[in-house]
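Enquirer: Below you will find the structure I want to go over with you.
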Amino acid sequence: MINKEINIIGGGCAALSLARLIRNLPNHKFNLFVGDKNKTHKDHFWGFWKVKINKEAYNNANHVWSKWSINTYDSKHILTSVKHPYCVIKRKKWLDVCRKQLESEKIKFFENDILEKDDKLYVQNKKIEGDLVFDSRPPKLPSNILLQHFEGFVVTSKEDVFDEKLVILMDFRCDQSRGMHFIYLLPFSKRKALVESTMFSKTVEKKEFYLTAISKYLKKYFNLIEFTKSDHEKGIIPMHYIFNESKYIYNIGSRGGAVRPSSGYAFTFIQKQAFQISSQLKNRKKIDTKIHNNIDLFLDKIFINVINEYPLLGPKIFSNLARTLNGDEMAKFMSGHASLLTTCKIIISMPKIPFIKSFFYVVYRK
Ligand SMILES: Cc1cc2nc3c(=O)[nH]c(=O)nc-3n(C[C@H](O)[C@H](O)[C@H](O)COP(=O)(O)OP(=O)(O)OC[C@H]3O[C@@H](n4cnc5c(N)ncnc54)[C@H](O)[C@@H]3O)c2cc1C
292 MINKEINIIG
302 GGCAALSLAR
312 LIRNLPNHKF
322 NLFVGDKNKT
332 HKDHFWGFWK
342 VKINKEAYNN
352 ANHVWSKWSI
362 NTYDSKHILT
372 SVKHPYCVIK
382 RKKWLDVCRK
392 QLESEKIKFF
402 ENDILEKDDK
412 LYVQNKKIEG
422 DLVFDSRPPK
432 LPSNILLQHF
442 EGFVVTSKED
452 VFDEKLVILM
462 DFRCDQSRGM
472 HFIYLLPFSK
482 RKALVESTMF
492 SKTVEKKEFY
502 LTAISKYLKK
512 YFNLIEFTKS
522 DHEKGIIPMH
532 YIFNESKYIY
542 NIGSRGGAVR
552 PSSGYAFTFI
562 QKQAFQISSQ
572 LKNRKKIDTK
582 IHNNIDLFLD
592 KIFINVINEY
602 PLLGPKIFSN
612 LARTLNGDEM
622 AKFMSGHASL
632 LTTCKIIISM
642 PKIPFIKSFF
652 YVVYRK
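Going by the working numbering, the sequence shown runs without a break in its numbering and finishes at 657.
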């Protein structure tokens with residue numbers, strides 16, 4: 292006997308990650324509104340550190356590394372974790388893993404876009420009813436906020452140039468004149484790597500800016516001039532806590548506060564949110580989609596304000612972080628599982644005056 296109907300809006304990470312976990316709830320049926328542009332979404336990689344909550348993604352990961360580095364003009368720190376390696380999975384692969392688990396007569400797919408009017412949702416002029424609605428449509432971004440914006444591509448070289456065992460998580464040896472800027476390099480083999488130029492700033496740059504940064508970097512640090520490019524990737528992620536609250540709808544994913552404001556990482560937090568909701572539904576508890584704790588969000592605000600005011604401190608902040616923590620601690624911190632000791636170590640390692648000023652700014656601003 293079916294007595295509850297759950298509607299899930301969106302066909303991306305949050306919607307399908309949640310649907311796969313709640314698909315077996317007894318006496319429930321599900322409607323998935325994946326949107327009409329879902330099939331045309333460009334593929335890209337999601338990076339994450341292996342923790343319990345993302346085990347299934349780890350089992351399906353395209354690549355896994357147990358070493359990553361943070362480089363500046365003055366330092367190079369290599370962190371290692373066998374327990375919590377850095378992994379990537381392609382968007383389409385993860386969505387396929389989820390979708391394959393959803394083949395059941397209890398689940399109906401709709402490929403129409405949802406429209407919103409007066410806090411109510413409609414599909415083809417028909418109001419979406421049902422007992423619960425989880426919405427993962429992309430949120431509207433507030434203006435004048437710090438953004439993480441990036442562009443890059445997969446580089447293929449004719450010679451062996453990359454160290455396939457070492458991810459370059461952040462290399463700050465690039466143009467710092469327009470905001471905090473680093474190169475992210477994922478080596479898939481000695482000849483193939485995803486290379487991205489990433490900025491933390493309020494203004495998205497023209498394509499040439501990112502491409503020039505990548506070419507200069509590859510030439511200077513890998514002596515690589517001739518290469519082919521494929522799998523172009525780009526994105527803009529808000530470095531701001533976005534949590535849309537509405538009366539009748541539970542927001543999930545980017546619009547439901549899953550992006551960690553200080554890093555832009557969301558994949559693991561989306562998994563955490565999906566497990567949290569699934570457990571609440573199974574145990575008939577009140578639904579609460581919040582996943583970041585208030586202390587983390589407060590510290591993120593201070594950090595974001597420092598990067599906004601003192602972008603040139605970026606390399607120092609991240610090299611101090613990498614010097615202070617070991618690989619396990621960093622992986623857990625980036626996944627939202629930092630212990631109190633790790634949090635204290637990070638606070639102590641930061642440049643004091645900018646962080647104290649920023650603390651007062653965050654506490655006293657209206
Ligand atoms: C290029 C890129 C790279 C990223 N890399 C990482 C990374 O390495 N690690 C990490 O942790 N995070 C990363 N992120 C951040 C985050 O993980 C992703 O943004 C993630 O996809 C967010 O999931 P979501 O479900 O909230 O949104 P999405 O996956 O974007 O899903 C939104 C869904 O809503 C649908 N939709 C839109 N409008 C409508 C409508 N009107 N009606 C119905 N459906 C609609 C869309 O078709 C889509 O299916 C990245 C983001 C981008 C953009």
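Heads up, the beta-carbon is just placed ideally off N, CA and C, and yes, glycines get one too.
Nearer than 7 angstroms: is that true of the beta carbon of Ile-637 relative to any heavy atom of ligand 1?
Expert: Answer for Ile-637: no, Cβ out of range of ligand 1.
Enquirer: Using a threshold of 7 angstroms, is the CB atom of Pro-429 nearer than that to any non-hydrogen atom of ligand 1?
Expert: Indeed, a heavy atom of ligand 1 lies less than 7 angstroms from the Cβ.
Enquirer: So, do the segment 436-447 and the segment 308-327 have three or more beta carbon pairs nearer to each other than 8 angstroms?
Expert: Touching, no.
Enquirer: Beta carbon of Ser-649: closer than 7 angstroms to some heavy atom of ligand 1?
Expert: Ser-649 Cβ: outside cutoff for every heavy atom of ligand 1.
Enquirer: What's the gap between the Cα of Lys-356 and the Cα of Asp-454?
Expert: Per the sequence shown, the amino acid found at residue 356 is Trp instead of Lys. Between Trp-356 and Asp-454, the C-alpha separation is close to 11 angstroms.
Enquirer: To the nearest angstrom, how far is the alpha carbon of Ser-610 from that of Ile-369?
Expert: So the two alpha carbons sit approximately 10 angstroms from each other.
Enquirer: Classify Ser-448 as helix, strand or coil using the three-state DSSP reduction.
Expert: In this structure, Ser-448 counts as coil in the three-state DSSP scheme.
Enquirer: Which residue from Phe-491, Asp-409, Glu-347 puts its Cα closest to that of Asn-435?
Expert: The shortest C-alpha separation from Asn-435 is found at Phe-491.
Enquirer: If you check the beta carbons only, do His-335 and Glu-524 fall under 8 angstroms apart?
Expert: Going by C-beta atoms, His-335 is nearer than 8 angstroms to Glu-524.
Enquirer: Does the beta-carbon of Leu-631 have 16 or more other beta-carbons within 10 angstroms, so that it is buried, or is it exposed?
Expert: Flag for Leu-631 reads exposed.
Enquirer: Tell me whether Gln-415 sits in a helix, a strand or coil according to DSSP, three-state version.
Expert: Here Gln-415 sits in coil by DSSP.
Enquirer: Pop quiz: His-583 and Gly-627 are said to be a contact at Cβ under 8 angstroms. What is the actual Cβ separation, rounded to whole angstroms?
Expert: Rounded, the Cβ-Cβ distance is 7 angstroms, consistent with contact.
Enquirer: At 4 residues or longer, what runs of the alpha helix (DSSP H) sit wholly inside the segment 351-404?
Expert: If we require 4 residues or more, the alpha helix (DSSP H) runs fully inside the segment 351-404 come out as 382-391.
Enquirer: Leaving out five residues before and five after His-531 in sequence, what residues of the same chain have Cβ atoms less than 8 angstroms from its Cβ?
Expert: Closer than 8 angstroms at the Cβ level, and outside the excluded window around His-531, lie Leu-432, Pro-433, Ile-436, Leu-437, Pro-552, Ile-595.
Enquirer: Look up Met-530 in the DSSP assignment and say whether it is helix, strand or coil.
Expert: Reduced to three states, the DSSP call for Met-530 is coil.
Enquirer: With DSSP as the reference, identify every bridge partner of Tyr-475, one or two as the case may be.
Expert: Bridge partners of Tyr-475: Glu-487.
Enquirer: To the nearest angstrom, report how far apart Phe-651 and Phe-589 are at their CA atoms.
Expert: Taking the straight line joining both Cα atoms gives about 12 angstroms.
Enquirer: What do you get for Gly-421, buried or exposed, if any count of 16 or more other CB atoms within 10 angstroms of its CB means buried?
Expert: Exposed.
Enquirer: Taking the C-alpha atoms as reference points, what is the distance between Ile-568 and Asn-542?
Expert: C-alpha separation (whole angstroms): 11 angstroms.
Enquirer: At a cut-off of 7 angstroms, would you count Phe-624 as near ligand 1, judging by its Cβ distance to the nearest heavy atom?
Expert: The answer is no for Phe-624.
Enquirer: I need the boundaries of the beta strand (DSSP E) containing Lys-320, first residue and last residue.
Expert: Its beta strand (DSSP E) spans residues 319-324.
Enquirer: Spatial neighbours of Trp-337 within its chain, please: CB distance less than 6 angstroms, with the 5 preceding and 5 following residues excluded, ordered by chain position.
Expert: Excluding positions up to five away in sequence, the list reads Ile-380, Phe-558.
Enquirer: Would you kindly work out how many angstroms separate the C-alpha atoms of Tyr-349 and Pro-376, rounded to a whole number?
Expert: So the alpha carbons of these two residues sit roughly 9 angstroms apart.
Enquirer: Any heavy atom of ligand 3 closer than 7 angstroms to the beta-carbon of Asn-329?
Expert: Of the ligands this structure carries, namely ligand 1, none is ligand 3.
Enquirer: Rank Lys-333, Phe-444, Leu-603, Cys-465 by C-alpha distance to the C-alpha of Glu-487 and give the top, closest one.
Expert: Nearest option by C-alpha distance: Phe-444.
Enquirer: Beta carbon of Ser-640, beta carbon of Leu-612: below 8 angstroms?
Expert: Their beta carbons are under 8 angstroms apart, which means Ser-640 touches Leu-612 by this criterion.
Enquirer: Grab me the residues of Ser-480's own chain with a C-beta within less than 6 angstroms of its C-beta, minus the 5 sequence neighbours each way, in chain order.
Expert: These residues qualify, in order along the chain: Glu-455.
Enquirer: Find out if the Cβ-Cβ distance for the pair Gly-303, Gly-544 is shorter than 8 angstroms.
Expert: In this structure, Gly-544 lies closer than 8 angstroms to Gly-303 by Cβ.
Enquirer: For Ser-492, write down the residues that DSSP places opposite it in a beta bridge.
Expert: DSSP, once it has assigned bridges, lists Leu-438 as partnering Ser-492.
Enquirer: If you draw a straight line from the alpha carbon of Arg-469 to that of Asn-599, how long is it in whole angstroms?
Expert: Taking the straight line joining both Cα atoms gives about 11 angstroms.
Enquirer: Taking 7 angstroms as the cut-off, is the C-beta of Ala-305 nearer than that to any heavy atom in ligand 1?
Expert: Flag set: Cβ of Ala-305 near ligand 1.
Enquirer: Kindly indicate which three-state DSSP category Asn-298 falls into: helix, strand or coil?
Expert: In this structure, Asn-298 counts as strand in the three-state DSSP scheme.
Enquirer: So Leu-457 and Ser-360 are in contact, right, with Cβ under 8 angstroms, and what is the actual spacing, rounded?
Expert: Between Ser-360 and Leu-457 the Cβ distance is about 6 angstroms, and since that is below 8 angstroms, they are a contact.
Enquirer: Sorry if obvious, but does the Cβ on Glu-536 come closer than 7 angstroms to a heavy atom of ligand 1?
Expert: Incorrect: Glu-536 has no Cβ contact closer than 7 angstroms to ligand 1.
Enquirer: Are the beta-carbon atoms belonging to Lys-592 and Val-653 less than 8 angstroms from one another?
Expert: Contact: yes.
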